[in-house]
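Numbering (mature numbering (1 follows the signal peptide of the UniProt record, and there is no 0)), first residue to last: -19 to -1, 1 to 386.
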């Protein structure tokens, strides 16, 4: 997927120097915009779905098991899986969009399809969760059997679970908006969840600006254009891109011991939200069965154990001194705030036939899914225990206070 090994080597060196700096205590405090779920709602969140139904790759009926096939851009397998994903969101009653297009590749013109699912298409803003559905193309055997378990079958399955788990809470929040008078209610509840599955992330040959992120480049350009003509009162109509509050991209996840860093200063606070979600779920015993409280706090700092924290806390440098090429970049370059959830260094099986089911760790995948659920639920103010007025006020206050640390 991301053919930037010289850059990654440089980033590793830069990071090692930066990570050695002492981390001021002030940067470890909980972000003031963080609004945690109540304890009972946290318990409910964890049990919204049976995680095994979608994520258990040992069950041939699970979505993740079905994703673990070669699925290069333009292939029959990818088309079949795109249909499966569309059916999944159609059953949840989300709004479905397909961005079909063709583009020249090193192997001629290929068809591509981005899939966009929006819970409330009438909402004024979108929080976007995303991953790429395609796997890397290899022209010869046995490499052509590459299934990209971490790249990005597991992240796609996580998104399917998050949508399934949160739909009822999102529905309830939408009803709260309507009860407050429709569009007037959107002044504080104007953001919805949108999930995007990109096509054509992988390069067909070598990673270049034209042979990579085909779907992301097309969608970012498409969404940069206004969908309505200008008027006397609105000479510059808003574009779909301007409605995105943040884009969160998942990639190379599903193996044990990921190392996740904050790449961008303007979304450092959001990175911290994910880290806080991991800590709260872990302390409560929801991430790793049998491990909670002080025992979890001690274990998450250990090197070489599965239960170690996924995240590298932001230090004095407030993030990671570098970037990694991926689907987020066309959006980043157009001004969309990005959180890039990718493990660096890459998994040792990256772009090899060994990136298969054997590298996946189900407890790690479940932990990822739970902390994403929690972060999104708190970001969007979905706690079902909050009275409508209280929820609206909290969301409004959070929106005003959401600033860079």
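Yeah, the Cβ is synthetic: ideal placement off N, Cα and C, and Gly gets one too.
Simplified DSSP state of residue i, which is helix, strand or coil
{"i": "residue 215", "result": "coil"}
{"i": "residue 124", "result": "helix"}
{"i": "residue 111", "result": "strand"}
{"i": "residue 83", "result": "strand"}
{"i": "residue 272", "result": "coil"}
{"i": "residue 104", "result": "coil"}
{"i": "residue 30", "result": "coil"}
{"i": "residue 39", "result": "coil"}
{"i": "residue 91", "result": "strand"}
{"i": "residue 267", "result": "coil"}
{"i": "residue 24", "result": "helix"}
{"i": "residue 130", "result": "helix"}
{"i": "residue 236", "result": "coil"}
{"i": "residue 98", "result": "strand"}
{"i": "residue 46", "result": "helix"}
{"i": "residue 54", "result": "coil"}
{"i": "residue 78", "result": "strand"}
{"i": "residue 223", "result": "helix"}
{"i": "residue 203", "result": "helix"}
{"i": "residue 209", "result": "coil"}
{"i": "residue 258", "result": "helix"}
{"i": "residue 73", "result": "coil"}
{"i": "residue 355", "result": "helix"}
{"i": "residue 366", "result": "coil"}
{"i": "residue 230", "result": "strand"}
Burial state of residue i (16 or more Cβ within 10 Å)
{"i": "residue 229", "result": "buried"}
{"i": "residue 122", "result": "exposed"}
{"i": "residue 308", "result": "buried"}
{"i": "residue 5", "result": "At residue 5, the pLDDT of 30 sits below 50, so the modelled position is not reliable; the number obtained from the coordinates is stated separately. Burial call: exposed."}
{"i": "residue 251", "result": "buried"}
{"i": "residue 160", "result": "exposed"}
{"i": "residue 126", "result": "exposed"}
{"i": "residue 116", "result": "buried"}
{"i": "residue 356", "result": "buried"}
{"i": "residue 66", "result": "buried"}
{"i": "residue 177", "result": "buried"}
{"i": "residue 100", "result": "buried"}
{"i": "residue 316", "result": "exposed"}
{"i": "residue 285", "result": "exposed"}
{"i": "residue 206", "result": "exposed"}
{"i": "residue 148", "result": "buried"}
{"i": "residue 79", "result": "exposed"}
{"i": "residue 186", "result": "exposed"}
Beta carbon of residue i nearer than 7 Å to that of residue j
{"i": "residue 133", "j": "residue 232", "result": "yes"}
{"i": "residue 82", "j": "residue 98", "result": "no"}
{"i": "residue 87", "j": "residue 198", "result": "no"}
{"i": "residue 192", "j": "residue 201", "result": "no"}
{"i": "residue 447", "j": "residue 43", "result": "Given a span of -19 to 386 for the chain in the structure shown, any question on residue 447 remains unanswerable."}
{"i": "residue 141", "j": "residue 258", "result": "no"}
{"i": "residue 144", "j": "residue 354", "result": "no"}
{"i": "residue 366", "j": "residue 19", "result": "yes"}
{"i": "residue 62", "j": "residue 235", "result": "no"}
{"i": "residue 363", "j": "residue 150", "result": "yes"}
{"i": "residue 172", "j": "residue 106", "result": "yes"}
{"i": "residue 255", "j": "residue 304", "result": "no"}
{"i": "residue 261", "j": "residue 293", "result": "no"}
{"i": "residue 179", "j": "residue 95", "result": "yes"}
{"i": "residue 72", "j": "residue 118", "result": "no"}
{"i": "residue 290", "j": "residue 108", "result": "no"}
{"i": "residue 238", "j": "residue 318", "result": "no"}
{"i": "residue 128", "j": "residue 51", "result": "yes"}
Item to check | Continuous beta strand (DSSP E) assignments of at least 3 residues falling wholly in the segment 286 to 349 | outcome: For the beta strand (DSSP E) assignment, the uninterrupted runs of no fewer than 3 residues enclosed by the segment 286 to 349 are, from N- to C-terminal side, 319 to 323.
Checklist entry - Which residue spans inside the segment 135 to 187 form an unbroken alpha helix (DSSP H) run of at least 4? => result As far as the segment 135 to 187 is concerned, its whole alpha helix (DSSP H) runs of at least 4 residues are 135 to 160, 167 to 170.
Item to check | the segment 332 to 348 contacting the segment 17 to 31, beta-carbon criterion three pairs below 8 Å | outcome: At 8 Å Cβ cutoff, the stretches do not touch.
Item to check | Given 8 Å, three or more beta-carbon pairs between the segment 95 to 114 and the segment 123 to 143 | outcome: Between the segment 95 to 114 and the segment 123 to 143, the count of Cβ pairs shorter than 8 Å is three or higher; the stretches touch.
Checklist entry - Should the segment 264 to 284 be regarded as contacting the segment 329 to 336, the criterion being three or more beta carbon pairs within less than 8 Å? => result Touching, no.
Item to check | the segment 322 to 330 in contact with the segment 208 to 219 per 3-pair CB rule at 8 Å | outcome: They do not touch, by the three-pair rule.
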